[in-house]
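Undergrad: Before we start, here is the structure in question, set down as structure tokens.
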Amino acid sequence: MPAARTTLTGRLRAAFARRDRRRPDTDPQVERVQAALARADALGENWDGRGAPAPDPRALDVARRLLDAAHWSWHLDLTTFAVTAAADGAGVLIESIVDDVQLSLLIDPDGEHGYFVADDYGSGELAEGVATVDGAVRDFWTYGRVPWHAVAPGDLV
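In terms of our numbering, the sequence shown is numbered consecutively and its last residue is 640.
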């Protein structure tokens with residue numbers, strides 16, 4: 484094989500190897516949050532000893548898709564993200580930090596709505612609201628803002 488062709492083949496192999504390292508199943512950040520989702524998925528009824536229901540597969544699926552999008556599409560750093568089952572229902576809780584803002588997103592069991600909380604430790608401001616889980620999650624995780632269309636808990640009747 485000519486030297487030029489060998490060099491090109493080597494470069495292509497190296498490029499494919501780099502691409503393989505970026506796959507969701509080989510990235511350490513993604514592996515960590517996927518492992519947390521797998522642990523939540525393995526929980527059964529009464530997993531907390533106080534009657535908590537098992538996490539709903541719909542909420543787990545939405546959480547999985549949002550976290551994949553956060554990393555692969557929105558290029559967010561997942562090192563500050565924590566994922567767990569919600570103790571008071573069959574939903575999934577995702578927490579993260581943006582600057583001085585602690586962010587919590589509680590995904591309802593149906594996977595359609597979320598309870599967004601942004602607690603700014605620097606200013607002492609707390610913002611919260613219920614909204615559909617849609618494109619608003621990107622701004623929430625990127626900028627630490629509760630979606631503009633979220634309904635405040637006190638307004639829910």
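Glycine included, each C-beta is placed from N, C-alpha and C at the ideal position.
#1: DSSP beta-bridge partners for E611?
#2: Rank E514, L559, P592 by C-alpha distance to the C-alpha of D571 and give the top, closest one.
#3: Is the distance from the Cβ of D603 to the Cβ of V584 below 7 angstroms?
#4: Beta strand (DSSP E) containing E578: first to last residue?
#5: What would DSSP say about S556, mapped onto helix, strand or coil?
#6: Output the residue ranges of the alpha helix (DSSP H) runs that lie fully inside the stretch 506-555 and measure 4 residues or longer, sorted by chain position.
#7: Would you mind reading off the limits of the beta strand (DSSP E) that contains V566?
TA: Quick answer:
#1: In the sequence shown, counting from the first residue as 1, residue 611 sits at position 128. E611 pairs with V600.
#2: Here residue 571 refers to the residue found at position 88 of the sequence shown. The residue with the shortest Cα to Cα distance from D571 is P592.
#3: To locate residue 603, count along the sequence shown from 1; it is residue 120. To locate residue 584, count along the sequence shown from 1; it is residue 101. It is a contact, given that the beta carbons lie within the stated cut-off.
#4: Start at 1 with the first residue of the sequence shown, and residue 578 comes out as number 95. First-last of the beta strand (DSSP E) with E578: 575-581.
#5: Reading the sequence shown from its first residue, position 73 is the one you call residue 556. It is helical.
#6: Whole alpha helix (DSSP H) segments, 4+ residues: 511-524, 540-551.
#7: One-based indexing of the sequence shown puts residue 566 at position 83. Element bounds for V566: 565-568.
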